[in-house]
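Using our numbering, you'd call the opening residue of the sequence shown number 66 and step up by one each time. Scroll down for the structure; my scribbles are underneath it.
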Amino acid sequence: MVTAEHKQHFAEQGYVIVRGLFNRDETDRYREHYMRLRKHGTYPGDMAGVDANSSDPLKVYPRMIHMHRWDQLSLQWMTDPRLDECMIALLGRSPYAVQTMLYFKPPGARGQALHQDNFYLRAQPGTCIAAWMALDEIDEANGCLQVVPGSHNWPLLCTEKADTSVSFTDVTVPVPPDAPVLPIIMQPGDVLFFNGQIVHGSYPNVTSDRFRRALIGHYIEGRADQVATFYHPALRMDGTPLELDIAQGGGACGVWAEQDGELVVEMVGVEGTVRKHE
Ligand SMILES: O=C(O)CCC(=O)C(=O)O
């Protein structure tokens with residue numbers, strides 16, 4: 066499943082796509098399952114209730130969060146041995162599972178401004194890792210994920226206000242003008258693994274008829290001993306819970322500064338202590 070090339074790409078770029086890790090029967094089943102659940106109302110973990118009459122597509126199809134706490138299929142997916150094996154290969158040991166999410170991203174929906182996941186999760190020592198599985202054909206038009214290759218080597222950056230006409234979240238991180246932001250084109254069943262420091266996000270779905278559904282697991286490296294309170298309880302990949310400390314926010318964050326004609330990150334900022342969870 067994970068080759069030497071995958072491992073090298075993950076180590077150097079901070080992300081890697083494992084193509085066809087899940088098959089089409091499985092992704093059809095997940096898609097139907099979550100569409101059915103969403104149609105039937107709201108659930109623990111939903112940040113926004115469903116408003117079927119809203120002009121905002123994200124209010125008609127808000128994302129689901131922490132479904133594994135009440136939905137067996139989500140728990141099974143999150144702890145699937147294929148995901149575990151991939152992360153063992155990439156990280157050197159089994160991770161702890163802390164979050165599931167389902168993004169529906171219907172036609173016309175806004176994206177999510179560029180950010181770093183460990184800003185929210187606070188996994189320490191080490192960082193978090195995401196397994197982001199495509200449930201649809203995903204390209205730039207329906208708002209694929211975008212990553213800044215190599216940015217996993219950056220520290221956590223201080224956040225700025227995001228443009229909420231294109232992002233449903235209101236904070237972002239600044240990226241140097243010459244840093245590439247790369248679209249990740251995926252087929253159903255492909256899984257993108259990415260490091261918790263990597264800068265990533267997505268732009269709006271500008272199609273009129275194509276959803277961009279993704280099933281997402283967030284994990285923390287198995288050497289971490291703390292994570293932000295929203296992500297407790299952490300689970301081992303056999304589904305059993307474990308006790309970790311609660312990580313606090315409000316530490317130092319980096320800002321870009323020019324040094325000898327180059328942009329470098331200086332740790333001069335202090336994060337706001339109020340951080341909405343992702
Ligand atoms: O799917 C998206 O548009 C953003 C998802 C994301 O940022 C994440 O899973 O960390």
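Note that beta-carbon positions come from the ideal geometry of N, C-alpha and C, so glycine has one too.
Item: Across which residues does DSSP place Ile311 in a beta bridge pair?; Value: Val292
Item: DSSP state of Ser273, grouped into three classes?; Value: coil
Item: Measure how close the beta-carbons of Phe169 and Phe276 come, nearest whole angstrom, since I'm counting them as under 8 Å.; Value: 6 Å
Item: Which residue marks the beginning of the alpha helix (DSSP H) containing Val125, and which one marks its end?; Value: 122-125
Item: Excluding sequence positions up to five away, which residues of its chain have a Cβ less than 7 Å from the Cβ of Gly347?; Value: The structure shown has nothing for residue 347, since the chain only spans 66 to 343.
Item: Could you check whether Leu186 and Gln211 sit closer than 9 Å to each other, using their CB atoms as the reference points?; Value: no
Item: Work out the CA separation of Cys318 and Met132 for me, nearest whole Å.; Value: 31 Å
Item: With respect to the alpha helix (DSSP H) encompassing Cys151, which residues constitute its N-terminal and C-terminal limits?; Value: 146-156
Item: Between the alpha carbons of Trp321 and Trp197, how many angstroms are there, rounded?; Value: 29 Å
Item: Indicate whether the contact test is met: 3 or more Cβ pairs, each with one atom in the segment 226-245 and one in the segment 164-179, closer than 8 Å.; Value: yes
Item: Going by C-alpha to C-alpha distance, which of Arg84, Ile263, Arg147, Val115 sits closest to Ile346?; Value: The chain is shown only over 66 to 343; residue 346 falls outside these bounds and no answer can be derived.
Item: Per DSSP, Gln324 forms a beta bridge with which residues?; Value: Glu327
Item: Going by CA-CA distance only, name the one from Gln324, Asp145, Leu257, Glu308 that's closest to Gln78.; Value: Leu257
Item: Quick one: residues in its chain with C-beta nearer than 8 Å to the C-beta of Ala154, no 5 flanking neighbours on either side, listed in chain order?; Value: Met66, Val67, His71, Lys72
Item: CB-CB under 8 Å to Val213, same chain, minus the five flanking residues each way: which ones, in chain order?; Value: Leu179, Val240, Ala244, Pro245, Val246, Leu247, Ile263, Val264, His265
Item: Evaluate contact between the segment 140-150 and the segment 102-118, counting only Cβ atoms and requiring at least three cross-stretch pairs below 8 Å.; Value: no
Item: Please confirm whether Leu102 and Arg278 have their CB atoms less than 9 Å apart.; Value: no
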